[in-house]
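Following: one structure in structure tokens, then a few remarks.
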Amino acid sequence: MTTAVNPAPNSGWVSRALNWIERIGNRLPDPAVLFLLLMVLVWLLSWLLSGIEFAELDPRSGEPLRITNLLSGTALTAFAASMVNTFVTFPPLGVVLVAMLGLGVAEHTGFINAALRAILAITPKMLLTPALIAVGILSHVAVDAGYVLVIPLGAVIFYAAGRHPLAGIAAAFAGVSGGFSATLFIPSSLDPLLSGLSQSAAQLVDPTVTVNPLNNYVFTTASSVLIMLVGWFLTDKVIEPRLQSTTVDGDPADLPKMQPLAAAEARALYAAVASMGLCALLLLLSVLPEASPWRAPAGTSLADGQSNLLVFQAPLMRSIVPLIFIFFIVPGIVYGALAGTVKTHRDVIAGMSKAMSGMGYYIVMAFF
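Just so we're on the same page, my numbering is the position in the sequence shown counted from 1, plus 1.
Structure (structure tokens):
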């Protein structure tokens, strides 16, 4: 598609360092195997250092911290006996799978695809780069939508705007990959995953601690804004100027094009967004009354100025994952019914099944 003219020489200490990092990275084993190797390493270190006592006190017992031999007979049998329970009670496992059931339906019916295309279609030219990065960040709620849809569309949209398509690919890739662990104002399956990891760590000190799925929301949202600004600067001021000498090859008529939303798709998208807004309105009306069942029960200890809606004991805070499920499955079904991608209930179940089939590797990682 493109022909490079006067390519930059592959020299200098930066290029050599990046090439060395790439070679090392390519030789690393699968992440699941890395976790297994790290576990074995921890076992060996616990055996070698067993009996060492520290001056620091264990906050749970008040006694000095001591390294325990994980290769002892007692430790190994306890490890085997609790393996299944440890796996099925791993906090991020269930919450992510539940959230993905709703997101899977929204993706399968085409709701997320249509929403991303609509956002890019109405974006002003001067805001094209940050909007493309933002859409890339948002796309990770639909698993593969970013890599399959947004990155190719980045090239198409930039080319249609008279800009270099490779710059569009770079901007989209920055949003999809660089922002894969961020979230832009919309809670996703990542939020319960992070809260589950935080909760597992916090419960080592206090087993009664419950971490809300939205505890990392501000951080991940700020990360999204930072990625957008940095990606915008690098794309427009660094990457695209360096592509001026790279000509676009081939017949422009043969280049892929972003198809506009059909009339049926547009109507379905409007109805789906309206259904999501209706869900939000119903939730708002149900939490406003002081006697709302979403609020923490009477007698719950509250800090100064703290709302009984935002404490860990409030059913609302413990229902974030089911709410994510509802807020995506409802518009997904509405969109599919009006766009023709959902004809029977079997299509909805197929969307859930497809989402779960894509979570196989995540389940393997959760086991290790």
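For every residue, glycine included, the Cβ atom is placed at its ideal position computed from N, Cα and C.
Below 8 angstroms, how does it come out for the region 329 to 336 and the region 96 to 110: are there three or more Cβ pairs, yes or no?
Yes, since at least three Cβ pairs between the region 329 to 336 and the region 96 to 110 fall closer than 8 angstroms, the two stretches touch.
If you reduce the DSSP assignment to three classes, tell me which class residue 5 lands in.
Residue mapping note: residue 5 aligns to position 4 of the sequence shown, counting from 1. Bear in mind that the predicted position of residue 5 carries a pLDDT of just 46, short of 50, making it unreliable; the figure below should be weighed with that in mind. Correct three-state label for residue 5: coil.
Once the 5 residues before and after residue 265 are set aside, which same chain residues still bring their CB inside 8 angstroms of it?
Position 264 of the sequence shown, counted from the start, is the residue given in the question as residue 265. Around residue 265: 339, 340, 341.
Closest to residue 55 by CA distance: which of 68, 39, 136, 43 is it?
Along the sequence shown, read from residue 1 onward, the residue named residue 55 stands at position 54. Among 68, 39, 136, 43, the Cα nearest to that of residue 55 belongs to 68.
By the 10 Å Cβ neighbour count, where 16 or more other Cβ atoms means buried, how is residue 260 classified, buried or exposed?
Indexing the sequence shown from 1 puts residue 260 at position 259. When all chains shown are included, residue 260 counts as exposed.
Give the secondary structure of residue 65 by DSSP, where H, G and I count as helix, E and B as strand, and everything else as coil.
Sequence index remark: in the sequence shown, residue 65 carries index 64 (1-based). Here residue 65 sits in strand by DSSP.
Note down the Cα distance separating residue 64 from residue 209, rounded to an integer number of angstroms.
If you number the sequence shown from 1, residue 64 lands on position 63. If you number the sequence shown from 1, residue 209 lands on position 208. Rounded to whole angstroms, residue 64 to residue 209 spans 20 angstroms at the Cα level.
What first and last residue would you give for the alpha helix (DSSP H) that runs through residue 56?
Against the sequence shown, residue 56 aligns to sequence position 55. Here residue 56 belongs to no alpha helix (DSSP H); instead the beta strand (DSSP E) covers 54 to 58.
Taking all protein chains shown into account, do 16 or more other C-beta atoms lie within 10 angstroms of the C-beta of residue 347, making it buried, or fewer, making it exposed?
Here residue 347 refers to the residue found at position 346 when the sequence shown is read from its first residue. Result: exposed.
Taking residue 357 as part of the alpha helix (DSSP H), name the residues at either end of that continuous run.
Position 356 of the sequence shown, counting from 1, holds the residue named residue 357. 346 to 358 is the span of the alpha helix (DSSP H), which, as asked, contains residue 357.
Determine, using beta carbons only, whether residue 269 and residue 336 come nearer to each other than 8 angstroms.
Working through the sequence shown from its first residue, we reach residue 269 at position 268. Working through the sequence shown from its first residue, we reach residue 336 at position 335. Yes, Cβ-Cβ distance for residue 269 and residue 336 is below 8 angstroms.
Assuming residue 366 and residue 33 form a contact by the criterion Cβ under 8 angstroms, report the distance between their Cβ atoms to the nearest whole angstrom.
To locate residue 366, count along the sequence shown from 1; it is residue 365. To locate residue 33, count along the sequence shown from 1; it is residue 32. About 6 angstroms separates the two Cβ atoms, so the contact holds.
Thinking just about the alpha-carbon of each residue, which of 36, 73, 267 is nearest to the one in residue 116?
One-based indexing of the sequence shown puts residue 116 at position 115. Of the candidates 36, 73, 267, the one whose C-alpha sits nearest the C-alpha of residue 116 is 267.
Using the Cα positions of residue 160 and residue 169, report the straight-line distance between them to the nearest angstrom.
Within the sequence shown, the letter at position 159 stands for residue 160. Within the sequence shown, the letter at position 168 stands for residue 169. So the alpha carbons of these two residues sit roughly 8 angstroms apart.
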